[in-house]
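Novice:
There are 2 protein chains.
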Amino acid sequence: MKNKKYVYLFAEGSKDMRNLLGGKGANLAEMTNIGLPVPPGLTITTEACIDYFELGKKLPESLEADLWDKLETVEEATGKKFGDNSNPLLVSVRSGAVASMPGMMDTILNLGLNDETVEGLAKSVNDPRFAYDCYRRFIQMFSDVVMEVEHYEFETILAKQKDTAGVKNDNELSAEDLQNIIKEYKVLVKRSAGKEFPQNPTEQLIMAVQAVFDSWYNPRADYYRKINNISDALGTAVNVQSMVFGNMGAKSGTGVAFTRNPANGENKLYGEYLMNAQGEDVVAGIRTPNPITNLQEDSPVVYDQFVKIANLLENHYRDMQDIEFTIENEKLYMLQTRTGKRTTAAAIRIAAEMVDEKLITKEEALLRIEPTQLDQLLHRSIDPNAELIVIAKGLPASPGAGSGRIVFNADDAENLGKEGKDTILVRLETTPDDIHGVVYSRGILTSRGGMTSHAAVVARGIGKPCVCGCEALEIDVVNEKLVVGKHQFKKGDIISIDGTTGNIILGQVPMIDPELSPSFQRILTWADEIKTLSVRANADSPEEAKKAREFGAQGIGLCRTEHMFMDQARLPIVQEMILSETIEEREKSLRKLLSFQQEDFYGILKAMEGLPVTVRLLDPPLHEFLPNAESLLVDITKLKCSDGDAELLEEKEELLKKVKALSENNPMLGHRGCRLGITYPEIYRMQARAIFQATAQLEKEGYNIIPEVEVPLIIGPDELRLLKAEIDEVAVAVREETGVDFDYHVGTMIELPRACLTADEIAEYAEFFTFGTNDLTQTVLGFSRDDSEGKFMQEYLDYKIIEHNPFIVLDQKGVGKLLKYAVKNAREVKPNLPIGICGEHAGEPSSIEFSHVIGLDFVSCSPFRVPIARLAAAQAAVNNNNQSK
Amino acid sequence: MKNKKYVYLFAEGSKDMRNLLGGKGANLAEMTNIGLPVPPGLTITTEACIDYFELGKKLPESLEADLWDKLETVEEATGKKFGDNSNPLLVSVRSGAVASMPGMMDTILNLGLNDETVEGLAKSVNDPRFAYDCYRRFIQMFSDVVMEVEHYEFETILAKQKDTAGVKNDNELSAEDLQNIIKEYKVLVKRSAGKEFPQNPTEQLIMAVQAVFDSWYNPRADYYRKINNISDALGTAVNVQSMVFGNMGAKSGTGVAFTRNPANGENKLYGEYLMNAQGEDVVAGIRTPNPITNLQEDSPVVYDQFVKIANLLENHYRDMQDIEFTIENEKLYMLQTRTGKRTTAAAIRIAAEMVDEKLITKEEALLRIEPTQLDQLLHRSIDPNAELIVIAKGLPASPGAGSGRIVFNADDAENLGKEGKDTILVRLETTPDDIHGVVYSRGILTSRGGMTSHAAVVARGIGKPCVCGCEALEIDVVNEKLVVGKHQFKKGDIISIDGTTGNIILGQVPMIDPELSPSFQRILTWADEIKTLSVRANADSPEEAKKAREFGAQGIGLCRTEHMFMDQARLPIVQEMILSETIEEREKSLRKLLSFQQEDFYGILKAMEGLPVTVRLLDPPLHEFLPNAESLLVDITKLKCSDGDAELLEEKEELLKKVKALSENNPMLGHRGCRLGITYPEIYRMQARAIFQATAQLEKEGYNIIPEVEVPLIIGPDELRLLKAEIDEVAVAVREETGVDFDYHVGTMIELPRACLTADEIAEYAEFFTFGTNDLTQTVLGFSRDDSEGKFMQEYLDYKIIEHNPFIVLDQKGVGKLLKYAVKNAREVKPNLPIGICGEHAGEPSSIEFSHVIGLDFVSCSPFRVPIARLAAAQAAVNNNNQSK
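As you go down the protein sequences, you meet chains A and B in turn.
For the record, in the first sequence the residue sitting at position 121 is 121 according to UniProt numbering, with numbers rising by one throughout.
For the record, in the second sequence the residue sitting at position 54 is 54 according to UniProt numbering, with numbers rising by one throughout.
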């Protein structure tokens with residue numbers, strides 16, 4: 001740790017030295033060097049902080065010498081001397097991490113004051129009241145931050161003195177009042193901290209620097225870093241800057257401003273200021289600050305200067321800036337500039353307008369928007385001005401908000417929904433049986449299941465709000481009662497849920513509709529110009545297909561056929577088909593299903609006319625369509641106990657036998673996917689026929705239809721080879737029967753490790769691949785999606801065994817390696833093979849970037865995530881072009 | 001297909017041309033060239049067969065010309081002419097594939113005879129009776145094989161003529177009788193085949209050649225190839241050889257002989273012959289053949305010559321030969337030699353003795369024995385002379401045989417077993433709960449589950465006979481009744497099972513004990529000298545450990561701790577531990593388990609003193625130790641129906657709640673393995689303590705103990721890193737407490753794809769790896785081991801989607817690629833990392849060879865497979881040294 005330069009004057013830095021100087025320090029240096037009026041100062045580096053902790057909370061040896069050395073330069077620049085009794089240099093001490101961490105540590109102002117220097121200050125500015133005000137503020141801040149004396153105790157003393165003096169505002173206190181306060185403050189410090197308030201400015205500064213370093217690991221900072229994924233190893237810098245005083249009378253002041261409106265993005269200076277105040281007064285809310293435009297009247301010269309500087313900074317940084325300034329006796333000083341935080345709506349507008357202003361390129365504009373935040377703009381949300389009674393909180397599983405009558409089963413949701421009534425479907429957890437209830441409700445609330453549970457996945461797919469895994473709910477399905485803490489609800493009571501926050505709210509709440517601004521549309525148009533990945537949607541119904549198209553989907557990458565089997569009208573036929581004893585019986589049921597399926601595909605294919613639609617053949621194990629074994633068992637036991645209807649008993653026992661014969665220990669690894677197609681080829685033949693008949697019908701009607709038939713869950717080339725032959729045979733027959741010479745493709749889902757490992761062989765028979773990363777994640781990690789959450793996932797995240805929930809963010813280290821391997825080997829055999837990804841990951845930005853990097857052709861996500869995916873795909877293209885330049 | 005040489009004279013071939021000439025052709029050529037008396041002939045190549053099918057069952061153009069050309073040379077050599085009326089050349093036509101396919105096609109003898117040449121033959125040998133006998137045989141064979149006239153119809157005519165003539169044997173028929181028969185045969189052919197028997201010898205030969213080719217795809221051949229894994233693409237050759245006649249009177253004859261005894265391996269000529277007979281008479285069983293040694297009296301010169309030739313052939317081929325010969329008028333002709341099939345016991349003795357005779361090397365001796373067949377020598381078996389009433393057949397899941405009283409639950413098996421009574425445990429399927437029953441029974445019989453079901457795996461592990469998945473069983477567990485077809489059994493009735501064949505046999509059957517011959521021991525000693533893979537055993541108890549050591553295991557590669565938890569005395573404590581609400585409660589139960597576990601490990605470690613013992617920490621999901629949810633549900637429903645004991649009801653409901661909370665949709669991918677260790681570190685700490693305390697205790701007693709602690713089911717380096725730290729901490733504590741400075745290693749099981757993909761990172765923390773290929777197979781293929789058999793496995797095998805059951809033979813294309821990847825990457829980080837394999841595959845020869853090839857250090861299989869693995873490992877070493885030379 002020798003020979004390191006631990007301290008930089010502002011003049012020695014630049015905005016590119018962020019890692020060493022922290023964000024604040026780098027920007028202060030930058031402003032200094034472009035000639036803006038910045039009070040002189042210095043920055044102690046993040047390296048010093050890292051070394052401080054390595055040394056067991058000791059300042060590195062050379063640091064102090066460096067510090068005093070550089071402080072001398074500051075003294076020279078200001079003409080004042082630190083600790084000097086006649087013309088003392090006062091400094092502010094602020095932390096400044098690499099990434100902005102607002103509120104990590106409070107600022108200390110006016111450091112350098114003590115019982116003697118305060119008199120020097122009073123004389124030098126000829127204003128004792130001001131000097132004592134500075135001193136009492138300093139004692140208060142320093143003791144709070146460095147010596148851990150509670151803030152409110154100071155406030156109590158202050159309030160008492162105001163009472164005694166009979167004044168309302170701080171600035172009405174006289175010099176004597178303030179001297180009294182200082183005395184009492186010092187007594188308080190001694191009592192509370194167990195030692196005197198330090199009088200030695202050198203000691204004050206060293207204590208303050210250490211306190212800033214220590215604050216790096218305070219709980220607030222720890223938490224902030226954790227939720228924002230900031231590494232502990234970065235450390236914080238410390239900025240020591242000569243004080244300028246906004247509290248030096250009516251011609252002084254302080255304020256903060258954004259170069260554009262951070263709420264809606266309007267290109268207009270936005271901010272507020274207070275005259276005769278120090279920084280913390282603006283935020284403290286004791287006096288109400290004025291809008292920044294009023295400064296034009298209060299101090300026109302300063303205002304003009306400030307506007308010019310704000311423009312200069314925005315142009316210099318090429319982004320909206322968040323600026324702090326102080327006016328000392330009509331002289332403007334810049335204390336901070338940084339890229340301003342903004343709402344998503346503002347981010348979109350600012351980015352779009354900056355392109356118009358030729359300040360940034362379209363590519364840069366695209367990078368300025370966080371794709372996942374687009375979500376808030378795509379769903380109904382609760383009026384931000386509404387007062388809410390939040391009674392519980394679950395997992396925010398599908399964004400948007402909804403209010404409605406509580407129902408406890410899907411049928412009620414459907415019936416009331418059809419009557420035009422709003423419902424919230426409340427369930428322990430949902431199963432595929434509940435799908436019609438999800439469709440007809442305004443929102444779904446469950447007490448079990450995680451972000452990737454069935455309810456969550458289905459809800460996100462169709463854009464319904466959903467709150468999952470809310471353990472505070474006590475649901476009595478039988479008696480249709482819901483208890484949440486002290487609140488009791490029955491069927492029909494009104495409740496609201498917010499799927500964006502996870503909140504459960506009493507009664508009806510006012511909603512606002514989503515608005516898709518013109519800027520948003522423009523940004524997405526640019527995204528489409530730049531991205532190379534095609535974005536498709538997962539859609540299982542004409543309604544979803546239409547929604548997907550509206551959001552800009554370039555096709556359907558995954559149309560699941562099992563949801564169609566769940567429809568109330570069809571389930572009995574599906575069950576009849578499954579329970580068939582002979583192939584003849586089964587084919588009879590399949591003939592009935594054929595017309596339903598043809599109808600389904602007709603609607604979906606028509607909605608996506610001109611775009612490819614990938615239909616996955618039946619995938620889930622058949623027992624998912626049958627009644628639950630446990631409820632049958634209970635029925636049977638009851639019938640036996642009560643000597644019930646013998647015929648019914650026999651029937652139920654027979655059914656149970658069949659359900660059990662089909663049941664599996666690990667259905668995820670069982671008789672499903674193309675294994676059904678291999679053992680019951682007639683099922684896949686029926687589905688292929690339904691697709692082709694719908695296609696032929698539409699082509700006859702003049703539509704251009706591009707069906708893609710997908711075989712799921714293969715382990716190698718042979719299942720695809722065999723089933724493709726069956727599908728081709730059906731196509732030949734339908735072409736002959738209809739006289740329509742339609743086109744189609746046959747491809748496969750790569751969703752098992754072995755399929756990745758034999759992708760080269762599979763590529764020979766496939767006309768396209770889509771990666772099913774949900775199932776791949778399950779098998780590569782050995783994580784059952786239904787089981788891992790609530791069992792060990794949290795511990796795995798806490799111990800950092802995994803960085804993210806692998807069902808949300810693609811596991812690049814495991815699953816990703818297999819994807820790369822498969823793409824490389826498949827493309828060696830068939831260089832132009834279209835390859836996509838269609839798991840939950842296809843709507844998650846980092847996973848989309850990975851898809852881009854490994855050379856996929858498309859991603860396919862739920863309709864409501866299509867805009868997010870379009871933006872993320874464009875960002876991936878921009879980021880990776882930059883890298884290759 | 002031009003310019004190919006389709007026909008080879010015997011003199012043009014050699015034994016190395018097997019692929020082109022087939023086995024029989026190549027050996028006839030070889031014998032010709034080493035100067036043995038082989039009747040001249042030619043071979044039509046396998047290429048001709050392949051081209052024949054490519055041309056749509058047409059003989060390639062140049063083939064016929066080639067054939068007549070080479071046939072002329074044969075004519076010259078024999079001094080006879082094909083189709084000549086005075087001195088006709090007769091030929092035999094036989095198929096000869098690359099791999100021996102006995103019985104694929106019948107032989108045609110005496111081809112070339114017709115109404116005219118038969119007279120020429122009669123004159124040339126001056127024996128009309130002989131000539132007509134040849135002709136009637138020829139018509140019979142040719143019409144059967146080439147013209148599809150049913151064999152029995154000829155036999156009927158023959159029998160009728162014998163009746164008419166009043167004789168008993170064929171050779172008593174006169175020339176006139178035979179002429180009558182020939183007439184009737186010709187009428188039969190015309191009627192049955194719809195055309196005349198062909199008189200033109202050229203036509204006869206072409207028809208015969210085509211019939212041989214066609215026979216390649218007859219159902220018998222298809223089936224034989226399928227079960228023996230022979231490729232359809234190989235085709236068959238055709239051998240056309242000049243006839244010599246064993247039926248030319250009392251000085252002629254024919255026979256077959258083995259150069260050693262194929263049943264027990266004794267080095268003594270073994271075979272039989274018949275005088276005045278043609279080849280088929282020996283096998284047909286009409287006359288009883290004489291033992292070969294009698295030939296010494298019948299024809300001493302020929303016998304001596306034969307013995308010399310037999311020795312010469314054995315020395316030439318350096319293996320026991322299976323020889324066919326014919327004597328024509330005291331002249332010996334060799335018609336075939338091939339490597340003789342033999343029993344495993346014979347194979348072992350022959351191989352060992354040939355090494356002593358310096359005929360072959362030890363390496364060659366090792367390659368002569370099929371490892372999987374050693375199994376029959378290691379288990380008790382049914383006396384081959386016993387008469388059995390087989391009442392059903394299941395899957396031969398664990399070899400050996402057993403008889404005993406039927407019991408329907410594990411407790412009865414244990415109780416009767418302790419009284420010294422033999423039982424057969426009959427179950428629908430077994431669960432880990434049944435383990436004590438398996439241990440105390442003589443055999444296990446289940447109606448469900450496949451070769452890799454729980455029952456099968458456990459039974460193989462401890463060497464108990466087991467027949468699984470016998471669907472013919474109707475088991476009524478409640479009433480303790482078993483129905484098999486028309487047979488009814490109750491508890492206590494005697495039954496036998498044969499786990500080698502899958503047979504279920506009525507009553508008690510006589511058994512023979514396994515014999516480990518000295519030759520066997522010597523072969524295994526040689527295997528140990530040559531193999532580089534170490535062979536360990538999977539063993540969970542001191543008994544198994546002892547057995548493993550007896551069979552030559554070099555350590556324990558997998559000691560599962562869950563079976564120890566299942567013991568009746570411990571299960572209640574385990575359940576108490578699982579159901580604990582607090583960590584204190586759990587630790588209390590764990591303290592009770594500690595002494596049990598220490599005792600277990602003490603026994604196992606002591607049995608394996610001086611050898612490494614890998615103990616896998618608890619692996620299965622906890623709910624496997626709890627009562628079944630369904631039976632609880634039934635109990636609860638019953639209690640509710642009958643207004644039963646309210647307290648009991650509440651208790652059961654509480655228990656059901658907990659069982660359900662722990663239950664999982666896909667337990668294989670759930671909360672198990674090190675996920676338990678991460679969420680309940682106290683369980684793994686207890687187990688580590690038990691291992692270390694046992695180690696310390698044994699070291700104190702003077703034993704040299706090498707414990708290896710294994711963390712299962714990791715997905716990356718971090719679980720191992722975290723848990724190794726815990727284990728190391730326990731070791732430090734136990735060393736301190738006991739004052740014993742024992743050694744140990746901590747490693748991990750690589751059994752998930754992600755662990756393979758991050759093996760390099762894992763290697764940093766691991767002191768050894770073992771591949772858990774059972775679980776890897778489940779995840780890589782997405783096959784649940786418990787579910788895939790009986791659902792779709794058979795179809796997958798039938799359609800050749802998979803070549804073998806991947807739970808028996810390691811899937812090299814999928815799982816194998818991941819193993820290679822992991823070994824390569826781990827060794828780059830830690831070149832000397834010991835890596836082994838411990839799934840079911842570790843006892844399967846092709847998987848062992850793969851393990852050798854990818855550079856593993858050890859395999860670990862069930863104790864009874866250790867000899868097999870030792871031999872297979874030696875074969876792998878020999879095969880792969882040869883390859884690299």
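No residue lacks a Cβ here, since even glycine has one placed at the ideal position from N, Cα and C.
Any idea which residues DSSP pairs B:Glu708 with across the strands?
Specialist: Counting from 1 along the second sequence, the entry for residue 708 of chain B is found at position 708. Its beta-bridge partners are B:Thr614 and B:His745.
Novice: Indicate whether B:Leu42 and B:Lys70 have their beta-carbon atoms separated by less than 8 Å.
Specialist: Position 42 of the second sequence, counted from the first residue, corresponds to residue 42 of chain B. Position 70 of the second sequence, counted from the first residue, corresponds to residue 70 of chain B. Yes, the pair counts as a contact, with Cβ atoms nearer than the cut-off.
Novice: Tell me the DSSP secondary structure of B:Ser884 in three-state form.
Specialist: Looking up residue 884 of chain B in the second sequence gives position 884. Note that B:Ser884 has pLDDT 41, beneath the 50 cutoff, so the model's placement of it is unreliable and no number is given.
Novice: So with Cβ pairs under 8 Å, would you call B:Gln598 a contact of chain A?
Specialist: Position 598 of the second sequence, counted from the first residue, corresponds to residue 598 of chain B. Not an interface residue.
Novice: Could you tell me which chain A residues have their CB closer than 9 Å to the CB of B:Lys652, listed as they occur along the chain?
Specialist: Locating residue 652 of chain B in the second sequence gives position 652, where the first residue counts as 1. Correct list: empty, because the minimum Cβ distance to chain A is about 13 Å.
Novice: Give me, in chain order, the residues of the same chain whose beta-carbon lies closer than 6 Å to that of A:Lys658; leave out the 5 immediate sequence neighbours on both sides.
Specialist: In the first sequence, the residue the question calls residue 658 of chain A occupies position 658. These residues qualify, in order along the chain: Leu579.
Novice: Name, going along the chain, the residues of the region 659-690 of chain B whose beta-carbon falls closer than 7 Å to a beta-carbon of chain A.
Specialist: Near chain A, meaning a CB-to-CB distance below 7 Å, the residues of the region 659-690 of chain B are Glu664, Asn665, Asn666, Pro667, Met668, Leu669, Gly670, His671, Arg675, Ile678 and Thr679.
Novice: Do A:Ser519 and A:Arg349 have their beta-carbon atoms positioned less than 8 Å apart in this structure?
Specialist: On the first sequence, residue 349 of chain A is found 349 positions in, with the first residue counted as 1. On the first sequence, residue 519 of chain A is found 519 positions in, with the first residue counted as 1. Going by C-beta atoms, A:Arg349 is nearer than 8 Å to A:Ser519.
Novice: In three-state terms, what does DSSP make of B:Gly716?
Specialist: One-based indexing of the second sequence puts residue 716 of chain B at position 716. In this structure, B:Gly716 counts as coil in the three-state DSSP scheme.
Novice: Do B:Leu810 and B:Ser847 count as a contact pair if the criterion is CB distance below 8 Å?
Specialist: Along the second sequence, one-based indexing puts residue 847 of chain B at 847. Along the second sequence, one-based indexing puts residue 810 of chain B at 810. Yes, they are a contact pair.
Novice: Starting from the C-beta of A:Pro620, find all residues in its chain whose C-beta is less than 6 Å away, skip the five residues before and the five after it, and write them out in chain order.
Specialist: For the purposes of this step, residue 620 of chain A is identified with residue 620 of the first sequence, where counting begins at 1. Within the same chain, A:Pro620 has close Cβ partners Glu562 and Arg672.
Novice: For a quick check, are the C-beta atoms of B:Arg405 and B:Ile494 less than 8 Å apart?
Specialist: On the second sequence, position 405 is the one that residue 405 of chain B refers to. On the second sequence, position 494 is the one that residue 494 of chain B refers to. The answer is yes: Cβ separation under 8 Å.
Novice: Taking only runs that begin and end inside the region 29-94 of chain A, name each unbroken alpha helix (DSSP H) of 4 or more residues, in chain order.
Specialist: Scanning the region 29-94 of chain A from its first residue to its last, the whole alpha helix (DSSP H) runs of 4-plus residues come out as 46-54 and 61-78.
Novice: So, for B:Glu682: in the same chain, excluding its five sequence neighbours on each side, which residues have a beta-carbon less than 7 Å away from its beta-carbon?
Specialist: Within the second sequence, numbered from 1, the residue matching residue 682 of chain B stands at position 682. Ile583, Arg586, Glu587 and Leu590, listed in sequence order.
Novice: Give the residues of chain A in contact with B:Thr32, contact being defined as C-beta atoms less than 9 Å apart.
Specialist: What you label residue 32 of chain B is simply residue 32 of the second sequence in a count that begins at 1. Neighbours of B:Thr32 on chain A: none; closest Cβ ~45 Å, over 9 Å.
Novice: Taking one C-beta from the region 780-794 of chain B and one from the region 847-858 of chain B each time, how about it: are there three or more such pairs within less than 8 Å?
Specialist: no
Novice: B:Ala527: which of B:Ala365, B:Ala629 and B:Gly235 sits nearest, CA to CA?
Specialist: Within the second sequence, residue 527 of chain B is the residue found at index 527, counting from 1. Answer by Cα proximity: B:Ala365.
Novice: In whole angstroms, what is the alpha-carbon distance linking B:Lys830 and B:Phe408?
Specialist: As a first step, residue 830 of chain B must be located in the second sequence, where it is residue number 830. As a first step, residue 408 of chain B must be located in the second sequence, where it is residue number 408. Distance between the alpha carbons of B:Lys830 and B:Phe408: 51 Å.
Novice: Using only CA atoms, which one of B:Glu701, B:Pro371, B:Asp775 and B:Gln199 lies nearest to B:Arg870?
Specialist: Position 870 of the second sequence, counted from the start, is the residue given in the question as residue 870 of chain B. Closest by alpha carbon: B:Pro371.
Novice: Taking C-alpha atoms, which residue in B:Glu75, B:Gln521 and B:Leu649 lies nearest to B:Leu374?
Specialist: Here residue 374 of chain B refers to the residue found at position 374 when the second sequence is read from its first residue. Checking every option, the nearest Cα to that of B:Leu374 belongs to B:Gln521.
Novice: Beta-carbon separation of A:Leu533 and A:Ala822 under 8 Å?
Specialist: Numbered from its first residue, the first sequence carries residue 533 of chain A at position 533. Numbered from its first residue, the first sequence carries residue 822 of chain A at position 822. Against a cut-off of 8 Å, the Cβ pair of A:Ala822 and A:Leu533 comes out as no contact.
Novice: Does the beta carbon of B:Tyr799 come closer than 8 Å to any beta carbon on chain A?
Specialist: Looking up residue 799 of chain B in the second sequence gives position 799. Yes, contact with chain A.
Novice: Nearest-angstrom Cα distance between A:Phe692 and B:Ala766?
Specialist: By 1-based counting over the first sequence, the position of residue 692 of chain A is 692. By 1-based counting over the second sequence, the position of residue 766 of chain B is 766. The straight-line gap from Cα to Cα measures roughly 55 Å.
Novice: Step through the CB atoms of chain A and report whether any lies within less than 8 Å of the CB of B:Thr773.
Specialist: Locating residue 773 of chain B in the second sequence gives position 773, where the first residue counts as 1. Closer than 8 Å: no.
Novice: With DSSP run on the structure shown, which of helix, strand or coil describes A:Val866?
Specialist: Residue 866 of chain A sits at position 866 when you count from the first residue of the first sequence. The answer is helix: DSSP assigns A:Val866 an H, G or I state.
Novice: Are B:Val467 and B:Glu474 close, meaning C-beta to C-beta below 8 Å?
Specialist: Here residue 467 of chain B corresponds to residue number 467 of the second sequence, with the count starting at 1. Here residue 474 of chain B corresponds to residue number 474 of the second sequence, with the count starting at 1. No, the pair does not count as a contact, with Cβ atoms beyond the cut-off.
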